[in-house]
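What follows is a single structure, written as structure tokens, with notes after it.
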Amino acid sequence: MFVEAQGWGIISAQFKHCGKKRTVILTGLAENPLTILQKFILYGYFRSSATWRVRIALAWKGLKYEYKPINLVKGEQKTEAHIALNSFKQVPVLVLPDGTVLVQSTAILEYLEEAYPEHPLLPKDLVQRAVVKLTPHVSKARSIFSEIACDMQPLQNTKVTFYISNDADKRAEWANYWLTNGFEALEKHLVKTAGSYCVGDQVTIADCCLVPMVYNGFRYKVDMNAYPTVIRVLDNLEKLDAFKAAHAHVQPDCLPELVGKSMKD
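So the sequence shown is numbered by the working numbering: it starts at 843 and just counts up by one.
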């Protein structure tokens, strides 16, 4: 299907039916007409950091999706049905409207950014997009994204912590250590780059990563008061509708005792 904007609220959609090209004109659609014409399927877990960042991106871009919970604690990611979608036994998995299966949150976010450039999550300035230094020790959106997604998050995800120990206190101690280590570095970075959000005053993929990581910080008893820039950016992001909609505690698979609570509670 090919979709082309014809003006405010007017969309021309071309598709094939019985071997012939058809064109329909749709009016009065939502801001992003693709939310009407297409729907994604997202497999994830309510407080999976990687799933959470994809939820934020989908909400930010106004893309509708069907959510299918995969309980990581119960091991549902190890079922044959899920392995058929992702052989690494992980979430998230995003199934596109045409049936294409995407895995790995970084790849999914890159796809969404390129396929749906409305409400961008990367700065227009190419220097700010890349891991390019404007002044010593200052890098931008992709750099912060990678610091969180590649350096901080993998060390405290479920697969790693359960390998470290079956004891919950030891798992929490491990996560607390590495999160503290990461937030110390991240705070120093954000002091140089942040405005209202991680990179100036535009929401970026860095912000998609930040919120779920701060959630883990509170979850594992990290002293988050030691990172005032991180918390200031978090507070600004939590006021945005897309971030509210993507929050772990409003997901259908959220634990009942957490529903409606702030991550700081």
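Yeah, the Cβ is synthetic: ideal placement off N, Cα and C, and Gly gets one too. Model, not experiment: these values are computed from the prediction.
Selection from the options that minimises the alpha carbon distance to residue i
{"i": "residue 962", "options": "945, 988, 1047 and 1058", "result": "1047"}
{"i": "residue 1036", "options": "1054, 1074, 1053 and 1027", "result": "1074"}
{"i": "residue 1106", "options": "1097, 892 and 1065", "result": "1065"}
{"i": "residue 912", "options": "1079, 1099 and 1095", "result": "1095"}
{"i": "residue 984", "options": "948, 883 and 882", "result": "948"}
{"i": "residue 987", "options": "1000, 1040 and 1033", "result": "1040"}
{"i": "residue 1055", "options": "1099, 1028, 1081 and 959", "result": "1028"}
{"i": "residue 997", "options": "1062, 966 and 907", "result": "1062"}
{"i": "residue 958", "options": "905, 1000 and 925", "result": "905"}
{"i": "residue 965", "options": "884, 1103, 1043 and 1079", "result": "1043"}
{"i": "residue 1108", "options": "932, 1032 and 883", "result": "Lying before the first or after the last residue shown, residue 1108 is absent from the chain, which here runs from 843 to 1107."}
{"i": "residue 1051", "options": "1076, 1034 and 1083", "result": "1076"}
{"i": "residue 1143", "options": "1068, 886, 892 and 1080", "result": "The requested residue 1143 does not occur in the structure, where the chain is confined to residues 843 to 1107."}
{"i": "residue 995", "options": "1103, 1038 and 891", "result": "891"}
{"i": "residue 883", "options": "922, 914 and 950", "result": "950"}
Status (buried if at least 16 other CB within 10 Å, exposed otherwise) for residue i
{"i": "residue 1004", "result": "exposed"}
{"i": "residue 1049", "result": "buried"}
{"i": "residue 1070", "result": "exposed"}
{"i": "residue 1058", "result": "buried"}
{"i": "residue 1098", "result": "exposed"}
{"i": "residue 929", "result": "exposed"}
{"i": "residue 934", "result": "buried"}
{"i": "residue 1101", "result": "exposed"}
Closer than 8 Å to chain C by CB, residue i
{"i": "residue 1010", "result": "Judged by its chain identifiers, the structure shown contains no chain C, having just a single protein chain."}
Residue i - containing alpha helix (DSSP H), residue span
{"i": "residue 885", "result": "Premise fails: residue 885 lies in the beta strand (DSSP E), 882–886, not in any alpha helix (DSSP H)."}
{"i": "residue 1098", "result": "Run containing residue 1098: none; DSSP gives neither H nor E here."}
{"i": "residue 1086", "result": "1083–1088"}
{"i": "residue 1055", "result": "1047–1061"}
{"i": "residue 988", "result": "983–988"}
{"i": "residue 1023", "result": "1010–1035"}
{"i": "residue 1001", "result": "1000–1006"}
{"i": "residue 891", "result": "891–902"}
**Item:** In chain order, each beta strand (DSSP E) run of at least 3 residues that lies wholly inside the region 904–952
**Value:** Runs found: 907–911, 935–937 and 943–945.
**Message:** Does the contact criterion of 3 or more C-beta pairs under 8 Å hold for the region 878–898 versus the region 1085–1098?
**Reply:** In short, these stretches touch, since the Cβ pair count reaches three.
**Prompt:** Do the region 912–929 and the region 1008–1015 make contact, defined as three or more Cβ pairs closer than 8 Å?
**Reply:** Taking 8 Å as the limit for Cβ pairs, the verdict is that the region 1008–1015 does not touch the region 912–929.
**Prompt:** Counting Cβ pairs closer than 8 Å, one from the region 928–940 and one from the region 1018–1038, do we hit at least three?
**Reply:** These segments do not touch.
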